[in-house]
Amino acid sequence: MRAACRFANRLPYPRPSSRRHLLTLAIETSCDDTSVALLEKHQNGSATLHFDSKITSDNRIYGGVAPIVAHESHQKNIAVLVEKALLSLPVAHKQDASPGGYDWSRTVALGNGSLTTFRRKPAFVTVTRGPGMRASLITGIDTAKGLAVGWQVPLLGVNHMQAHALTPRLVAALNHPQEEMITKTLDPPFPFLTFLVSGGHTILVHSKGLCDHEILAETNDLAIGDMLDKTARDILPEAILKSAPDVMYARSLEAFAFPEEGTSQYERFEKERRKSSKPLYGWTVNTPYAKLGPRIAATYKHEFSFSGIGSCVKGIAQARTDMDTPERQHLAREAMRVTFEHLSSRVVLALKGGSLQGINTLVVSGGVASNKYLKHVLRTALDKDGYHEISLNFPPPKYCTDNAAMIAWTGMEMFEAGWRTELSAMAIRKWSVDPNSTEGGILGLDGWLNVKS
Ligand code: AMP
Ligand code: ZN
1 MRAACRFANR
11 LPYPRPSSRR
21 HLLTLAIETS
31 CDDTSVALLE
41 KHQNGSATLH
51 FDSKITSDNR
61 IYGGVAPIVA
71 HESHQKNIAV
81 LVEKALLSLP
91 VAHKQDASPG
101 GYDWSRTVAL
111 GNGSLTTFRR
121 KPAFVTVTRG
131 PGMRASLITG
141 IDTAKGLAVG
151 WQVPLLGVNH
161 MQAHALTPRL
171 VAALNHPQEE
181 MITKTLDPPF
191 PFLTFLVSGG
201 HTILVHSKGL
211 CDHEILAETN
221 DLAIGDMLDK
231 TARDILPEAI
241 LKSAPDVMYA
251 RSLEAFAFPE
261 EGTSQYERFE
271 KERRKSSKPL
281 YGWTVNTPYA
291 KLGPRIAATY
301 KHEFSFSGIG
311 SCVKGIAQAR
321 TDMDTPERQH
331 LAREAMRVTF
341 EHLSSRVVLA
351 LKGGSLQGIN
361 TLVVSGGVAS
371 NKYLKHVLRT
381 ALDKDGYHEI
391 SLNFPPPKYC
401 TDNAAMIAWT
411 GMEMFEAGWR
421 TELSAMAIRK
431 WSVDPNSTEG
441 GILGLDGWLN
451 VKS
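Mapping the sequence shown onto UniProt numbering, position 394 (from 1) lands on 394, and the numbers just tick up by one.
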């Protein structure tokens, strides 16, 4: 379905009188993290995160995210987090006060009687509308709708994957000093490439505009994070699995494979590989599509395939139940190397295709982007093919995994572009960012309003 944009005069809420410091409260509940953030964007384009907190449901006994457990955790925690966030709302300024006292339409009163403080009311409420697990999304959306109606401000229901893609722009705004006179321009500017590598997604996106993200390659089976989590359970010693703080076993896999700081451990590993003509322990982790030969393999340039790596590692682990720690560590390194080289091959093929113009940045976002070895493999692959000028942009890990700050930022960019979401908008399980997808991309969904049309 194509964009169902209606017009400003149908909007139920007035425009905020001052755009100098836009404030939004944002909610993210698409998977197993209940997350709430308060973000303010200043006149010079910088941003301040007044509140950013999340609670992750404990799914360890299930070995992966169990939808009912995640849903119950959202129900339990969302209101608690929102109440905490309200305490971080900035104190109301003079312009928020009317001659007779504080203007209730612009403030939120906290406490009661003599202890009442007046805080600035968010200009709008942002929430993840999709993609994600329906029940989980609904908990966040219903809470956001309640806040928007209670505060009489607009609602912004944004796309989770768009938010991952825009994360580096949030980070640049957060790093720009609020006092600086020079206005911050959005950085990186469009166009740029984005790898969204998470527990649920593996896509290479050509981001051409706020709502225009063309998918150049995507997985035809498992998501990279999902495969690495499963693979980690086959590789990691029992004691490490038992002491893992959550089900992000891929994170533990990285710590097990490369326990030191810095890149010299990667170089040592690569040198060791080059030195020996035979596999060190008698097994090999196969590269996807390698058996097809280079010409046929290249026809799969729009696809990633990770399930083969997973089954190959499982086979090795089942055949060698008595693996000692160095062999397990080598298997962990090989599994990651093959996975990341396969990922890198798709960006190199896309760049070699010649149809991409003006690309200077490759953003790597999503939970798997926290992996430092991935950064090393990607840089090596780009340099090997002469793409030295393409800079890699890895947002800090806390903004790479699911978080409400990136949702708040996406709400900010969409709000400034004039977009609002109808209160009747529903959660959506599958919602591609690509305008050429069957859903029509970000704006293809019903429920959008634009005050600038
Ligand atoms: P997300 O779906 O964006 O919240 O990301 C979660 C996924 O990222 C899970 O599959 C995690 O195991 C994975 N992940 C988190 N940290 C790392 C890491 N250091 N290396 C590889 N994968 C990771
Ligand atoms: Zn995500």
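Backbone N, C-alpha and C fix where the C-beta goes; we use that ideal spot for every residue, glycine too.
Residue 148 sits away from residue 137, with the two beta carbons spaced by 8 Å or more.
When the alpha-carbon of residue 335 is set against those of 224, 394 and 87, the nearest one is in 224. Closest in alpha carbon position to residue 41, among 244, 388, 50 and 430, is 50. Distances taken from the Cβ of residue 402 to the heavy atoms of ligand 1 include one shorter than 7 Å. At a Cβ-Cβ threshold of 8 Å, residue 118 and residue 107 count as neighbours.
Contact between residue 153 and residue 411 does not hold, since the beta-carbon distance rounds to 11 Å and is not under 8 Å. Unbroken alpha helix (DSSP H) stretches of 4 residues or longer found wholly inside the region 12-94: 67-86, given in chain order. Residue pairing for residue 448: DSSP places it in a beta bridge opposite 421. According to the DSSP secondary-structure assignment, residue 335 is paired through a beta bridge with no residue. In the DSSP annotation of this structure, the continuous segment of the beta strand (DSSP E) that includes residue 216 starts and ends at 212-219.
Assigned with DSSP and collapsed to three states, residue 368 falls in helix. The residues 210, in chain order, have a CB closer than 6 Å to that of residue 413 in the same chain once the five nearest residues on each side in sequence are set aside.
Counting other Cβ atoms within 10 Å of its Cβ, residue 254 reaches 16 or more and is therefore classed as buried. For residue 228, the CB falls within less than 7 Å of some heavy atom of ligand 1. DSSP places residue 123 in no alpha helix (DSSP H); its state is neither H nor E. Set against 7 Å, the gap from the CB of residue 366 to the closest heavy atom of ligand 2 is smaller. Annotation: the region 217-256 contains the following complete segments of the alpha helix (DSSP H) (minimum length 4 residues), in chain order: 224-235 and 238-243.
Just so you know, the alpha carbons of residue 44 and residue 182 end up roughly 7 Å apart. At least one heavy atom of ligand 1 sits closer than 7 Å to the Cβ of residue 371. The alpha-carbon separation between residue 74 and residue 139 amounts to approximately 7 Å. Across the structure, residue 204 and residue 439 are spaced so that their CA atoms are roughly 18 Å apart. The three-state secondary structure of residue 407, taken from DSSP, is helix.
At a cut-off of 7 Å, the beta-carbon of residue 249 counts as near ligand 1: some heavy atom of the ligand is closer than that. Cβ contact annotation for residue 338 (same chain, cutoff 7 Å, sequence separation greater than five): 285, 287 and 309, in chain order.
Measuring C-alpha to C-alpha distances from residue 387 to each of 423, 403, 352 and 35 identifies 352 as the nearest.
Sequence-distant Cβ neighbours of residue 233 in its own chain, meaning closer than 6 Å and more than five residues away, are 249. Checking the 7 Å criterion, the Cβ of residue 327 is out of range of every heavy atom belonging to ligand 1. Contact annotation: residue 47 and residue 170 have beta-carbon atoms nearer than 8 Å.
For residue 39, the closest C-alpha among the options 29, 25 and 160 is that of 25.
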